[in-house]
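Below you'll find the structure, written out as structure tokens, and then a few comments.
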Amino acid sequence: MPILIKGGHVVDPGRFSGRGDVLIDDKGTIAAVGSGFQVPAGCTTIDAQGLLVLPGLVDLHVHFREPGFEYKETIHSGSAAAVAGGFTTVCCMPNTNPVNDNQAVTEFMVERGRLAGLANVLPIGAITKGSEGKELAEIGDLRRSGCVAISDDGRPVMNSLVMRRAMEYALAFDLTVVDHCEDLHLAEGGCMNEGLVSTELGLPGIPSAAEDVMVARNLSLSELTGARLHLAHISTAGSVRMVREAKARGIRVTAEACPHHFTLTESLVRGYNTHAKMNPPLRTGEDVRAIKEGLRDGTIEVIATDHAPHATQEKQQDFTEAPFGIVGLETALSLTLGLVEEGVLTLEQAVAKLTSAPAAAFGLKKGTLAVGADADLTIVDQHAQWEVDPGKFRSKSRNTPFVGWKVKGSVKTTIVGGRVVYEAGSAGG
Amino acid sequence: MGLKRKDLLSLAPLSVDEIALILDTADSFKEVTGREIKKVPALRGKTVVNLFFEPSTRTRTSFELAAKRLSADVINFAQSSSSVVKGETLLDTARNIEAMQADIIVLRHSSAGAAETLARGVRSAVINAGDGWHEHPTQALLDLYTIRERGLRFEGLRVAIVGDVSHSRVARSNIYALTKLGAEVRLIGPATMMPLDIRQLGVQVYYNMDEGLRGVNVIMMLRLQLERQGRALFPTIREYARLYGLTAERVKLADAGAIVMHPGPINRGVEIAPDVADSLSSVILDQVANGVAVRMGILYLMSGAG
Chain A
82 MPILIKGGHV VDPGRFSGRG DVLIDDKGTI AAVGSGFQVP AGCTTIDAQG
132 LLVLPGLVDL HVHFREPGFE YKETIHSGSA AAVAGGFTTV CCMPNTNPVN
182 DNQAVTEFMV ERGRLAGLAN VLPIGAITKG SEGKELAEIG DLRRSGCVAI
232 SDDGRPVMNS LVMRRAMEYA LAFDLTVVDH CEDLHLAEGG CMNEGLVSTE
282 LGLPGIPSAA EDVMVARNLS LSELTGARLH LAHISTAGSV RMVREAKARG
332 IRVTAEACPH HFTLTESLVR GYNTHAKMNP PLRTGEDVRA IKEGLRDGTI
382 EVIATDHAPH ATQEKQQDFT EAPFGIVGLE TALSLTLGLV EEGVLTLEQA
432 VAKLTSAPAA AFGLKKGTLA VGADADLTIV DQHAQWEVDP GKFRSKSRNT
482 PFVGWKVKGS VKTTIVGGRV VYEAGSAGG
Chain B
13 MGLKRKDLLS LAPLSVDEIA LILDTADSFK EVTGREIKKV PALRGKTVVN
63 LFFEPSTRTR TSFELAAKRL SADVINFAQS SSSVVKGETL LDTARNIEAM
113 QADIIVLRHS SAGAAETLAR GVRSAVINAG DGWHEHPTQA LLDLYTIRER
163 GLRFEGLRVA IVGDVSHSRV ARSNIYALTK LGAEVRLIGP ATMMPLDIRQ
213 LGVQVYYNMD EGLRGVNVIM MLRLQLERQG RALFPTIREY ARLYGLTAER
263 VKLADAGAIV MHPGPINRGV EIAPDVADSL SSVILDQVAN GVAVRMGILY
313 LMSGAG
């Protein structure tokens, strides 16, 4: 049935921003945006007065843990968290068990995503077999069966020759190569940012140089090979500086930042708070300022969550033992709108970093309200305040440092392929 | 007057008055340890559990002796972290022990922050007996006690701490306490053994031992973890001993009445020459003896009896 979304503030980055209606046809695609168009009879109307109407949000970086770690998250629970957070497309990292380094796992993930019937679940394939950093995975097969990018996220490719070959090989499939930039030797044993706080707490540190040297390497290799490079979750002032410079020289690089890296600093680790343990670690105030500046000036075009669910008992271990990572899908939009409130980003910039820019980074036909595009939309009350309560998360996991935060911006309705998959206040998901 | 804290986890937050209270309390128990019958009934009916997840002989023995001399019931619960039943967190283990009505849990653990995590989860008083590279507050308190016993005043005292500060909980606790008490703290060692931004804690760093030792009143040697040789912290034990080993010659660079300390166990001929360890300026065995009195004082204050 066609849907008319009426009277909202439509923000379609680079294309349209203003009061308008959106018409979705019965094929589940966008039929019209603006006003004064013909509305077919029997149309369902959604009143969006006073609300933002956005292209469905796109997250390039989630861990849905299936197959292998279903006690943390499944593709179904992760998808439910995604649409509750306004995300209609999510790209799943391959560090599952088995690793998504072959067609069978990719097809399994795609099928699970389809069965969940909530968000568009797009797998990211491994760069190397088993993400062991040695031999290339069957990247052609991965592409053919549905992978939208390749990455050995969490287990960065340390061997620079292997990385070079992966970048070269990916060119044949027009695949973006995503790297979690971390020199594992420099980072060895570390569990928080290295600096005064780690020194005081006696915790092994991960220096910002562990990220910077790999960013530098990857930029060099991208320049050498011409590969399309996407840098996952950059967290340091050094990374921002290098990416800015590389872009000025025309290197094909995109970069993402996570909400926690522009919101929190390493001081949150004090008290050995395991919800402040993630990788890359929370950095210094100076790094946070640099990340925000990078977001503002366009050096960092993508905001991604690095949604990393872990079971409660895993995060209750002592700090050095607890796993890295936090969930992010259900807080990312509000934290990003926080940057608008703070004056760091315009509303349109913020929306672009969650929609059109991530879609462009992987070459996805998503993140837009162009006529004919899939009708993936998110309707948001930009000013509604709510308190983060992990007990209400759709995700299976509760590991967030934002417990009790009062944030603004709540998702009212999420539509995927012309179908309402989430409505606030309903028991959906 | 008692210590108004449930736990003793770290010296970083302690006030000068609290430190003084602990040292004064230890003084009164030092007298007990010199008696023929070395026992008082102060903690009769109280239960102290030594929960050690890392091998330790001297600290555990010292706590055990201290608790027994106070007439507490003492349980030793030693287990390597790896042998903890899979899935049982530190907190689970501790809650089980607490369920047996432990008044005080003394924890040694290889992870920084373990004591703090534990203290948040149990009602029992928790005493940190060493957590990873973070702190070893009772060791630093017995070091302070030993310095004071030698008639040295903390204000303006020059203390050199020599060795692998990065991986040393003893160093961190001493840095926090000594700087608070007005001492001048010098750290001596190669930069590979100095944690990042350590100068911001109000200490000076010397890479050259001879320069660092000049005029100091206290030389505090740290134990070299010999297995760290493969970790690119230092090339060989031989070179380490030459650059940072304490010899009789080097002791002469310090103040004439300087004392030599070491938390033990010592690597003779590596960080400290045998003749220095056994010399008159060495207070290494006094530290061990004072450890019992200081821990008696701490147990007494933490038991609520104070």
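As you go down the protein sequences, you meet chains A and B in turn.
Take the first sequence: its letters are residues 82 to 510, numbered as in the working numbering.
Take the second sequence: its letters are residues 13 to 318, numbered as in the working numbering.
Note that the Cβ used here is the ideal one computed from N, Cα and C, for glycine as well.
Just so it is clear, the structure is predicted and the values come from calculations on it, not from any experiment.
Requested in this report: Let me know the secondary structure DSSP gives A:PRO204 once reduced to three states.
Outcome: strand
Query - is_contact[B:THR71, chain A] using C-beta, thresh 8 Å - result: no
Query raised in the report: According to DSSP, is B:ARG160 helix, strand or coil?
Result: helix
Requested in this report: Please go through the segment 140-212 of chain A and give each complete beta strand (DSSP E) segment of 3 or more residues, from N-terminal end onward.
Outcome: 168-173, 201-204
Query raised in the report: Quick one: which chain A residues come within Cβ less than 8 Å of B:SER123?
Result: ASP399, PHE400, THR401, GLU402
Query raised in the report: What residues in its chain sit with their C-beta under 7 Å from that of B:LEU154, if we drop five residues either side in the sequence?
Result: GLN299, ASN302, GLY303, VAL306
Query raised in the report: Are A:LEU196 and A:THR169 closer than 8 Å when you measure CB to CB?
Result: no
Query raised in the report: Would you report the Cα separation of B:SER94 and A:GLU422, rounded to the nearest angstrom?
Result: Residue placement at B:SER94 is flagged as unreliable, the pLDDT there being 48, under the threshold of 50; a coordinate-derived value is accordingly withheld.
Query raised in the report: Is the shortest distance between the beta-carbon of A:THR393 and the beta-carbons of chain B less than 8 Å?
Result: no
Query raised in the report: Within the 8 Å Cβ cut-off, does B:SER94 reach chain A?
Result: Residue placement at B:SER94 cannot be trusted, given a pLDDT of 48 that sits under 50; the coordinates are not used to answer.
Report task. Identify every run of the beta strand (DSSP E) within the segment 252-280 of chain A, keeping only runs that are complete inside it and at least 3 residues long; order them along the chain. Result -> 257-260
Query raised in the report: Just curious, the beta strand (DSSP E) that A:SER463 is in, first and last residue?
Result: Checking the sequence, you will find Gln at residue 463 of chain A rather than Ser. Counting along the chain, the beta strand (DSSP E) containing A:GLN463 begins and ends at 458-468.
Query raised in the report: Between A:TYR503 and chain B, is there a C-beta pair that is closer than 8 Å?
Result: no
Query - Start and end residues, beta strand (DSSP E) containing B:TYR218 - result: 216-218
Query raised in the report: Any beta-carbon of chain B closer than 8 Å to the one on A:GLY352?
Result: yes
**Report entry** Contact list for the segment 363-385 of chain A against chain B, Cβ threshold 8 Å
**Finding:** none
Requested in this report: Taking C-beta pairs closer than 7 Å, name the residues in chain A that B:GLN212 reaches, listed in chain order.
Outcome: LEU277
**Report entry** Those residues which DSSP pairs with A:GLU337 across a bridge
**Finding:** A:VAL383
Requested in this report: Select from the segment 188-214 of chain B all residues with a C-beta closer than 8 Å to any C-beta belonging to chain A, and list them in chain order.
Outcome: PRO207, LEU208, ASP209, ILE210, GLN212, LEU213
Query raised in the report: Quick one: is B:GLY144 near chain A, going by C-beta distance under 8 Å?
Result: yes
Requested in this report: Could you round the C-beta distance between B:GLY125 and B:ARG107 to whole angstroms and report it? I think they count as a contact, below 8 Å.
Outcome: With a Cβ gap of about 18 Å, B:GLY125 and B:ARG107 do not count as contacting.
Requested in this report: Return the first residue and the last residue of the alpha helix (DSSP H) that B:ILE109 is part of.
Outcome: 102-111
Requested in this report: Identify whether B:PRO53 lies in helix, strand or coil by the three-state DSSP scheme.
Outcome: coil
**Report entry** Per-residue contacts from B:THR105 into chain A (C-beta, under 7 Å)
**Finding:** Under the 7 Å cutoff, chain A gives no residues; its nearest Cβ is about 11 Å from B:THR105.
Query raised in the report: Among residues of its own chain, excluding the 5 on either side of A:VAL120, which ones have a beta-carbon nearer than 7 Å to its beta-carbon?
Result: LEU85, LEU104
Query raised in the report: Is the beta carbon of B:SER315 sitting closer than 8 Å to the one on B:LYS16?
Result: no
Report task. Grab the span of the alpha helix (DSSP H) containing B:PHE89 for me, first residue to last. Result -> Premise fails: B:PHE89 lies in the beta strand (DSSP E), 85-90, not in any alpha helix (DSSP H).
Query raised in the report: Is the Cβ-Cβ distance between A:THR126 and A:PRO148 less than 8 Å?
Result: no
Query raised in the report: chain B beta carbons: is any one of them nearer than 8 Å to that of A:THR280?
Result: yes
Report task. Measuring alpha carbon to alpha carbon, tell me which of A:LYS87, A:VAL180, A:THR257, A:MET323 ends up nearest A:ALA371. Result -> A:MET323
Query raised in the report: Taking contact to mean at least 3 C-beta pairs separated by less than 8 Å, is the segment 47-54 of chain B in contact with the segment 205-222 of chain B?
Result: no
Query - Meets three-Cβ-pair contact criterion under 8 Å: the segment 175-193 of chain B and the segment 239-256 of chain A - result: no
Requested in this report: Verify the CB distance criterion: does A:LEU133 have a CB-CB separation below 8 Å to chain B?
Outcome: no
Query raised in the report: Looking only at DSSP bridge pairs, what is A:LYS87 linked to?
Result: A:ASP128
Query - Close Cβ partners of B:HIS148 (< 6 Å) along its chain, the five nearest in sequence each way excluded - result: GLY142, ARG181, VAL182, SER185
Query raised in the report: For A:GLY319, which of helix, strand or coil comes out of DSSP?
Result: helix
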